[in-house]
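Q: Just so we're aligned: the sequence shown equals residues 3 to 581 in the working numbering. Cβ coordinates follow ideal geometry from the N, Cα and C atoms, glycine included. Being a predicted model, the structure only gives us computed values, none of them experimental. The structure that follows is given in the form of structure tokens.
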Amino acid sequence: MEQQNREQKIEKLRQMGINPYPHKFEVTHQIYQIREKYERDPEGEEVVIRAKVKRVSNYEGRKLLRLTDNSGLEILAITDEENIKPNEEYTFKGYLVRHEGKLTLMDARLTDEPPDTTIAEIKKTYDFDPKNEEVSVAGRLVAWRPMGKAIFGHIQDLLGKLQIYVRKDKVGEEKFKFIKEFIDLGDIVGVKGKLFRTQTGELTVEVEDLQLLSKCLHPLPEKWHGIKDVEVRYRQRYLDLIANPEARKIFLMRSRLMAEIRRFMVDNGFFEVETPILQPIASGANARPFITHHNYLDMDLYLRIAPELYLKRLIVGGYPKVFEIGKNFRNEGVDTTHNPEFTMMEFYAAYWDYKDLMKFTEELFQHLIDTVLEGKTTVTFEGHKINLKPPFRVVRYFDLLEEKTGKDKDFFLRAPIEELVKLAQQLGVKKPETLTRAKLIDKIFEKVGEPELIQPTFVIDFPKILSPLAKEHREDPDLVERFELIIGQMEIGNAYTELNDPKDQYQRFLEQLKEKQAGDDEAMEMDMDFIRALEYGLPPTGGEGIGIDRLAMLLAGVNSIREVILFPAMRPQDKKEEN
3 MEQQNREQKI EKLRQMGINP YPHKFEVTHQ IYQIREKYER DPEGEEVVIR
53 AKVKRVSNYE GRKLLRLTDN SGLEILAITD EENIKPNEEY TFKGYLVRHE
103 GKLTLMDARL TDEPPDTTIA EIKKTYDFDP KNEEVSVAGR LVAWRPMGKA
153 IFGHIQDLLG KLQIYVRKDK VGEEKFKFIK EFIDLGDIVG VKGKLFRTQT
203 GELTVEVEDL QLLSKCLHPL PEKWHGIKDV EVRYRQRYLD LIANPEARKI
253 FLMRSRLMAE IRRFMVDNGF FEVETPILQP IASGANARPF ITHHNYLDMD
303 LYLRIAPELY LKRLIVGGYP KVFEIGKNFR NEGVDTTHNP EFTMMEFYAA
353 YWDYKDLMKF TEELFQHLID TVLEGKTTVT FEGHKINLKP PFRVVRYFDL
403 LEEKTGKDKD FFLRAPIEEL VKLAQQLGVK KPETLTRAKL IDKIFEKVGE
453 PELIQPTFVI DFPKILSPLA KEHREDPDLV ERFELIIGQM EIGNAYTELN
503 DPKDQYQRFL EQLKEKQAGD DEAMEMDMDF IRALEYGLPP TGGEGIGIDR
553 LAMLLAGVNS IREVILFPAM RPQDKKEEN
């Protein structure tokens with residue numbers, strides 16, 4: 003019924019010669035630009051104030067107070083105190099924040115301490131007088147409160163929200179009638195007018211003109227408290243972004259994360275490059291690929307599982323340092339840490355080894371602490387407080403396995419495979435009898451090693467049979483110079499001193515083919531052009547891949563990869579349900 007009413011309004015507007023979807027609207031400011039110009043956000047400073055309580059109302063199980071002093075200016079307070087009465091004076095202590103655009107004393111509590119500031123001083127410090135500046139802004143109407151001859155509302159975009167105030171005597175009777183009849187919650191509108199502050203101090207546009215820019219045909223989520231159904235949130239991310247400020251915050255953080263990573267790489271002498279998504283050979287990682295067909299060339303191609311071999315070709319070609327941030331595709335399961343289409347950064351530096359990469363990775367994390375986290379060194383992930391401040395712990399792969407299983411390196415690499423199958427069965431690995439030795443070692447490590455690794459840890463010196471592209475360890479031929487960075491039980495990064503001996507690489511590819519013949523459908527293919535590139539000479543090189551999605555999960559403190567991917571992979575909806 004609601005949709006039908008809105009559609010009827012569109013038809014009526016068209017009959018009146020008004021386009022409900024105009025081509026353009028002149029905007030002088032984005033909402034965030036207005037707020038940056040006329041507001042400064044407090045940072046949770048603890049203050050003590052003496053104030054009169056003007057109003058008490060209930061707010062999400064707490065009390066919301068309007069406080070005023072002799073100046074007549076107001077701020078809000080949120081408290082758990084029960085016996086607060088209007089028109090009485092109290093002394094409160096709390097933390098100063100900006101809540102929904104208004105200066106607010108958060109967690110306010112009664113105190114006998116002497117006041118150390120006033121509302122007038124707080125307003126002078128954080129709320130600046132806009133002096134009736136003329137502005138033209140646009141956004142989605144997310145609140146709409148008609149009050150007789152006036153209407154208060156809020157418009158919103160990704161970066162902020164701004165109050166608008168429509169007065170009948172300001173816009174004229176005809177325009178006011180039009181606004182009341184044709185404007186609905188959820189519509190995208192443009193407003194022109196003058197900035198001022200309300201008595202509570204909220205930055206507001208006194209509207210002189212309002213224009214409908216796009217009609218919203220569906221009602222917004224109930225009571226504007228956001229969308230709780232995760233299926234709706236993931237399938238209709240546009241609604242999630244409209245309704246849930248936390249979702250907007252996560253994706254703004256992700257954008258900044260990507261920008262800061264790029265800046266750090268470029269500042270450290272890396273060249274950003276692009277390599278093929280469609281590849282004739284699925285290689286560069288152990289994974290099952292997606293296959294497609296090129297009609298004109300009449301050949302099967304693979305969506306890349308990793309850009310590694312192409313990036314190393316560029317080091318052969320003379321690039322000293324390269325990086326690529328892009329999509330990889332792996333035709334595997336979907337869970338809280340895996341999506342078939344995911345974002346990785348891979349980077350390679352000539353004349354580095356894996357120890358240089360460990361140092362560089364710690365420097366990258368310090369940069370992200372200073373920028374994305376704004377100096378905060380700890381995050382909360384899966385209930386754990388994780389300290390991201392370098393240096394990180396370092397532990398050897400087989401030392402960790404021996405600590406958890408009592409079995410040494412020789413057992414895993416040389417014991418009869420039946421013994422490994424037996425151990426894997428005891429640990430709950432599924433169908434271990436179908437796995438190769440390399441896969442058994444990998445699955446056992448996943449079972450006993452990774453769950454213990456909460457704080458940032460470099461697990462170093464992996465078995466050679468797990469690492470076909472890594473250089474043999476200079477001190478132990480059973481191992482390679484490789485590390486994984488594990489944080490919060492998740493692999494965040496994977497790196498090694500790159501194998502640059504073409505004969506050794508050829509033999510490693512042959513071993514991978516044997517693994518594939520033994521049933522490992524994730525084993526790598528032979529890539530003879532890459533071997534040829536190595537024959538021209540790859541300098542000593544260090545290379546690393548970092549999972550951007552998992553890193554975003556960690557920094558945002560969310561436990562599902564779908565929370566940090568705008569449009570994650572989902573099962574198809576029932577056709578009837580879609581209709």
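(1) How big is the Cα-Cα spacing for glutamate 477 and threonine 436?
(2) If you draw a straight line from the C-alpha of methionine 149 to the C-alpha of aspartate 129, how long is it?
(3) Taking the beta carbon of phenylalanine 344 as the centre, do at least 16 other beta carbons fall within 10 Å, making it buried, or is it exposed?
(4) Out of Leu78, Ile36 and Arg258, point me to the one whose CA is closest to arginine 52's CA.
(5) With the cut-off set at 8 Å, would you say isoleucine 1 and glycine 174 are in Cβ contact?
(6) Mapping the DSSP letters down to three states, classify proline 148 as helix, strand or coil.
(7) Give a yes or no on whether 8 Å exceeds the smallest Cβ distance from leucine 241 to chain D.
(8) According to DSSP, is tyrosine 304 helix, strand or coil?
(9) Going by the beta-carbon positions, is the gap between lysine 194 and glutamate 208 smaller than 8 Å?
(10) Lysine 473 by DSSP, collapsed to three states: which one?
(11) Using the Cβ count rule (16 or more neighbours within 10 Å means buried), how would you classify asparagine 330?
(12) Taking Cβ positions, are histidine 31 and valine 139 nearer each other than 8 Å?
(13) Please classify proline 570: is it buried, with 16 or more other beta-carbons within 10 angstroms of its beta-carbon, or exposed?
(14) Which two residues bound the contiguous beta strand (DSSP E) that contains lysine 196?
(15) I need the DSSP call for arginine 142, collapsed to helix, strand or coil.
(16) Looking at the unbroken alpha helix (DSSP H) that takes in asparagine 270, where does it start and where does it end?
(17) Can you tell me which residues form a DSSP beta bridge with methionine 260?
(18) What are the start and end residues of the alpha helix (DSSP H) that includes threonine 363?
(19) What does a CB cutoff of less than 8 Å around methionine 301 pick up in its chain, not counting 5 residues either side in sequence?
(20) Classify isoleucine 327 as helix, strand or coil using the three-state DSSP reduction.
(21) Could you pull the DSSP bridge partners for proline 117 from this structure?
(22) What's the gap between the Cα of leucine 107 and the Cα of glutamate 47?
(23) For the stretch 461–548, which segments carrying the beta strand (DSSP E) assignment without a break, of at least 3 residues, lie completely within its bounds, in sequence order?
(24) From arginine 57 to leucine 66, what does the alpha carbon distance come to, in whole angstroms?
(25) My output table needs one value for leucine 75: the three-state DSSP class, helix, strand or coil.
(26) Rounded C-beta distance between threonine 113 and phenylalanine 94? I'm assuming under 8 Å.
(27) Could you check what DSSP says for methionine 18 in three-state terms: helix, strand or coil?
(28) Can the beta-carbon of threonine 459 be found less than 8 Å from the beta-carbon of isoleucine 488?
(29) Ordered along the chain, which non-local residues of its own chain (more than five positions away) have a Cβ less than 6 Å from that of proline 322?
(30) Is the number of C-beta pairs between the stretch 441–453 and the stretch 406–414 that are closer than 8 Å three or more?
(31) Any idea which residues DSSP pairs tyrosine 167 with across the strands?
(32) Closer than 6 Å by C-beta to valine 560: which residues in its own chain qualify, once you throw out the five before and the five after it? Chain order, please.
(33) Kindly indicate the opening and closing residues of the alpha helix (DSSP H) around glutamate 405.
(34) Going by C-alpha distance, which of Asp523, Lys14 and Met530 is nearest asparagine 288?
(35) DSSP three-state call for threonine 127: helix, strand or coil?
(36) Could you pull the DSSP bridge partners for histidine 31 from this structure?
A: Inspection of the coordinates gives the following:
(1) Computed Cα separation, rounded: 32 Å.
(2) Distance between the alpha carbons of methionine 149 and aspartate 129: 26 Å.
(3) By the neighbour-count criterion, in which 16 or more other beta carbons inside 10 Å mark a residue as buried, phenylalanine 344 falls on the buried side.
(4) Comparing alpha carbon positions, the residue from Leu78, Ile36 and Arg258 closest to arginine 52 is Leu78.
(5) Nothing about residue 1 can be reported from this structure: the residues present for the chain run from 3 to 581 only.
(6) Note: proline 148 maps to strand in three-state DSSP.
(7) Absent from the structure is chain D; it holds one protein chain and no more.
(8) Looking at tyrosine 304 - three-state DSSP - the assignment turns out to be strand.
(9) No; because the gap between Cβ atoms is not below 8 Å, this pair is not in contact.
(10) Look at lysine 473 here: in three-state DSSP terms it is coil, with no helix or strand label.
(11) Asparagine 330 comes out buried.
(12) Cβ distance < 8 Å, so histidine 31 and valine 139 count as in contact.
(13) Buried, by the Cβ-count rule.
(14) Start and end: 190–199.
(15) Reduced to three states, the DSSP call for arginine 142 is strand.
(16) Looking at the DSSP string, asparagine 270 is not in any alpha helix (DSSP H), and its letter there is neither H nor E.
(17) According to DSSP, methionine 260 bridges with nothing at all.
(18) Per DSSP, threonine 363 is one residue of the alpha helix (DSSP H) stretching across 356–372.
(19) Taken in chain order, the residues that qualify are Pro282 and His295.
(20) Of the three classes helix, strand and coil, the one that applies to isoleucine 327 here is strand, per DSSP.
(21) In the DSSP assignment, no residue is bridged to proline 117.
(22) Taking the straight line from one Cα to the other gives about 10 Å.
(23) If you keep only unbroken beta strand (DSSP E) runs of at least 3 residues inside the stretch 461–548, you get 484–489 and 492–499.
(24) Rounded to whole angstroms, arginine 57 to leucine 66 spans 8 Å at the Cα level.
(25) It is coil, neither helix nor strand.
(26) Rounded to the nearest angstrom, the Cβ distance from threonine 113 to phenylalanine 94 is 7 Å, consistent with a contact under 8 Å.
(27) DSSP places methionine 18 in coil when its eight states are reduced to three.
(28) Cβ distance < 8 Å, so threonine 459 and isoleucine 488 count as in contact.
(29) These residues qualify, in order along the chain: Ala352.
(30) With the cut-off at 8 Å, the stretch 441–453 and the stretch 406–414 touch.
(31) Tyrosine 167 is bridged to Phe154 and Glu208.
(32) Exclusion of the five residues before and after valine 560 leaves no residue of its chain whose Cβ lies closer than 6 Å to its Cβ.
(33) Per DSSP, glutamate 405 belongs to the alpha helix (DSSP H) from 399–407.
(34) It is Asp523.
(35) It is helical.
(36) DSSP lists no partner for histidine 31.
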